[in-house]
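The structure appears right after this line, and notes come after that.
Residue numbers (my numbering): 2 to 69.
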């Protein structure tokens, strides 16, 4: 015989109170759903393969190595 998953200790609990407890625990158990999708790493984005215009002007050599 298996142990019960839920045991009501209060002897004065009504059927409605027990039903409310069972409904709450059932809702908590089914709230999981699908796991969220993992974020895509930025190094693998297709937009990184697109050429961008060269920066020009003062400090352009430094800005050329910075992320866009």
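Ideal Cβ positions, reconstructed from N, Cα and C, are used throughout, including at glycine. Please read these numbers as outputs of a predicted model, since none were measured by experiment.
Anticipated Cβ contact below 8 Å, residue i with residue j, distance rounded
{"i": "residue 9", "j": "residue 25", "result": "About 13 Å; that fails the 8 Å criterion."}
Short Cβ contact (9 Å threshold) for residue i with residue j
{"i": "residue 22", "j": "residue 6", "result": "no"}
{"i": "residue 49", "j": "residue 43", "result": "yes"}
Extent of the continuous alpha helix (DSSP H) run through residue i
{"i": "residue 30", "result": "16–30"}
{"i": "residue 64", "result": "61–64"}
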